Structures are given as C-alpha cells and as structure tokens.
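Take a look at the structure below.
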Amino acid sequence: MITLSGIIGSGKSSLTDILSAELGTKAYYEPVQDNPVLPIFYKGNEIAAQKRAAGDKEATNPYAYLLQTFFLNRRFSMIKAAMREDNNILDRSIYEDEIFMKINTEMGNATDVEYDIYKSLLNNMMEELPFASHKKSPDLMITIKVSYETMLKRIEKRGRDYELVEKDPSLVDYYHRLLACYDEWMANYDASPLLIIDGDKYDFVDNLSDRVQVFDTIENKLHELGNLSDVQMDQFHTQHEKLFKAQ
Numbered sequence: 012m013i014t015l016s017g018i019i020g021s022g023k024s025s026l027t028d029i030l031s032a033e034l035g036t037k038a039y040y041e042p043v044q045d046n047p048v049l050p051i052f053y054k055g056n057e058i059a060a061q062k063r064a065a066g067d068k069e070a071t072n073p074y075a076y077l078l079q080t081f082f083l084n085r086r087f088s089m090i091k092a093a094m095r096e097d098n099n100i101l102d103r104s105i106y107e108d109e110i111f112m113k114i115n116t117e118m119g120n121a122t123d124v125e126y127d128i129y130k131s132l133l134n135n136m137m138e139e140l141p142f143a144s145h146k147k148s149p150d151l152m153i154t155i156k157v158s159y160e161t162m163l164k165r166i167e168k169r170g171r172d173y174e175l176v177e178k179d180p181s182l183v184d185y186y187h188r189l190l191a192c193y194d195e196w197m198a199n200y201d202a203s204p205l206l207i208i209d210g211d212k213y214d215f216v217d218n219l220s221d222r223v224q225v226f227d228t229i230e231n232k233l234h235e236l237g238n239l240s241d242v243q244m245d246q247f248h249t250q251h252e253k254l255f256k257a258q
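Just so we're on the same page, my numbering is the position in the sequence shown counted from 1, plus 11.
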C-alpha cells in the first residue's frame with residue numbers, strides 16, 4: 012500500500028492516477044466532488060476573517076470542525092478499506108489530517124475545544140486502525156514537495172474558484188501556513204518509510220521524461236523495501252524504454 016501526501020495543488024491525484032496505471036494497482040481518491048462542506052468552508056473562512064478585521068476577535072468559521080470531521084471520517088473509511096487489500100494507492104491519508112485542523116485553530120477558524128475533541132477522535136481512530144486490517148501502516152508514504160509558486164499555478168490550472176487567492180486573499184496566509192506545517196510534518200513523520208518527490212523539478216503530468224524519472228525513483232524505493240522483485244523491475248525498465256520509443 013502506497014499513500015501520497017502533499018499540499019493543495021501538489022499533484023497528488025495526478026500522480027495517484029498515473030502511478031496506479033504504471034503499477035497496475037487500485038487507486039483510492041480523496042472525496043472532493045461529492046464534498047458538500049468544502050465550498051461553504053472556504054466561504055466561512057472569508058466571513059470569519061472579515062469579522063475579525065472588523066473587531067470581532069472571537070469570530071470562527073462554523074464549518075471548520077465540520078469539514079475536518081467529514082474528511083477524517085472519509086479518510087479513516089478509505090484507509091481501512093485499502094489496508095484490507097494488497098496493491099493499492101491512496102491520494103491522501105489519515106496521517107496528515109491533523110495539519111489542517113491545527114492550522115484552522117491557529118488562524119482562529121476553529122476553537123481550542125474543537126481542536127481537542129478532534130485530536131481525541133483522531134487518536135481513537137489511529138488506535139483502532141491496526142485491528143481493522145492486516146497492515147499496521149503504509150508500505151511507503153510519498154510526499155510531493157512544491158513551492159508556493161508551483162502550488163498556485165496548479166491551483167489556477169484546475170480552476171476551483173474557492174481555492175483561488177484572487178477570490179479570497181485570506182488564503183495567502185492559509186497556504187503559507189500549510190507549507191510550513193508540511194515541512195514540519197515531513198521532518199517528523201515516522202509511521203512508514205517516506206519518499207519525497209520534488210514537485211517543482213519534475214512535471215510528471217505533462218513531461219514524459221520527468222514522469223519516467225519519478226516512476227524510477229518510486230520503483231527503486233519499493234524494490235529496496237522488498238515490495239518489488241528483480242523480475243518486476245526489469246519489466247518496468249522495458250516498459251519505460253517502449254514509452255520513449257513510442258514518443
């Protein structure tokens with residue numbers, strides 16, 4: 012089982028899609044299109060920021076806790092299902108979920124009480140996770156690390172209005188906080204082996220050479236961990252050679 016992590020717009024879903032096809036594995040995707048809370052959460056952030064700017068220092072986003080429990084519930088369900096099987100990829104995991112609630116609390120969008128309740132719920136879920144499957148953790152966590160500039164370009168490319176800083180200037184602070192929190196998270200993550208992909212350097216979506224280099228990096232790591240055999244590695248190398256010849 013491979014889990015992906017990374018900031019908004021880092022390319023998690025895109026890498027999950029192409030890596031799933033490359034490895035012949037099942038992909039699990041974070042719910043966005045069927046998420047009824049996400050659009051109103053962003054609107055709630057904007058309203059809370061306006062109220063605080065007007066002098067209401069206690070103003071919070073009423074949808075922050077709701078959004079995080081929505082995601083937490085979905086991610087718990089998703090990773091439980093994935094851990095019961097073999098050979099799959101998740102485009103987001105429960106292991107980075109606390110980042111978002113932490114930031115929302117720091118920014119005043121959620122209260123300390125809500126954060127404490129959320130952490131208690133998360134801890135209970137993590138304690139139950141090994142009993143719900145035959146795995147204790149992912150075989151490999153892949154993080155796509157990108158700069159603020161790259162993140163904004165990719166957010167603009169996918170065109171969700173509620174994610175655009177032009178529509179909501181308060182997102183500038185939010186995104187910078189996310190980047191800092193992800194740096195801290197990467198430095199402290201220890202639930203499984205971690206592989207960091209440079210999302211600024213490699214355009215694995217539109218550049219075939221970059222994509223193959225990312226594939227090679229991931230497959231070499233899986234081979235090192237004992238998840239891919241020598242025969243499988245030879246098959247992937249042959250597959251990559253055919254890709255370049257067909258270009």
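We put the CB at the ideal spot given by N, CA and C, even for glycine. It should be emphasised that the depicted structure is a prediction, and the values quoted were computed from it without experimental measurement.
{"Check": "Considering just the uninterrupted stretch of the alpha helix (DSSP H) at residue 209, what are its terminal residues?", "Outcome": "Run containing residue 209: none in the alpha helix (DSSP H); it sits in the beta strand (DSSP E), 205-209."}
{"Check": "Along the chain, which unbroken stretches of the beta strand (DSSP E) at least 3 residues long are found entirely within the stretch 113-190?", "Outcome": "151-156"}
{"Check": "Apply the 10 Å Cβ neighbour rule to residue 149 and answer buried if 16 or more other Cβ atoms are within range, or exposed otherwise.", "Outcome": "buried"}
{"Check": "I need the straight-line Cα distance from residue 153 to residue 124, nearest angstrom please.", "Outcome": "32 Å"}
{"Check": "I need the straight-line Cα distance from residue 22 to residue 75, nearest angstrom please.", "Outcome": "24 Å"}
{"Check": "Which one of 203, 207, 79 and 216 has the shortest CA to CA distance from residue 132?", "Outcome": "79"}
{"Check": "With distances taken Cα to Cα, identify the nearest neighbour of residue 49 among 238, 31, 66 and 82.", "Outcome": "82"}
{"Check": "Once the 5 residues before and after residue 60 are set aside, which same chain residues still bring their CB inside 7 Å of it?", "Outcome": "181"}
{"Check": "Tell me the rounded alpha-carbon separation between residue 37 and residue 66.", "Outcome": "50 Å"}
{"Check": "Who are the Cβ neighbours of residue 185 in its own chain at under 8 Å, not counting the five residues just before and after it?", "Outcome": "56, 114 and 118"}
{"Check": "Between the beta-carbon of residue 20 and the beta-carbon of residue 155, is there less than 7 Å?", "Outcome": "no"}
{"Check": "Quick one, are the C-beta atoms of residue 225 and residue 251 less than 7 Å apart?", "Outcome": "no"}
{"Check": "Please state if the CB of residue 172 and the CB of residue 164 are separated by a distance shorter than 7 Å.", "Outcome": "no"}
{"Check": "Considering only the beta carbon of each residue, do residue 12 and residue 93 sit closer than 7 Å?", "Outcome": "yes"}
{"Check": "So, for residue 247: in the same chain, excluding its five sequence neighbours on each side, which residues have a beta-carbon less than 6 Å away from its beta-carbon?", "Outcome": "230"}
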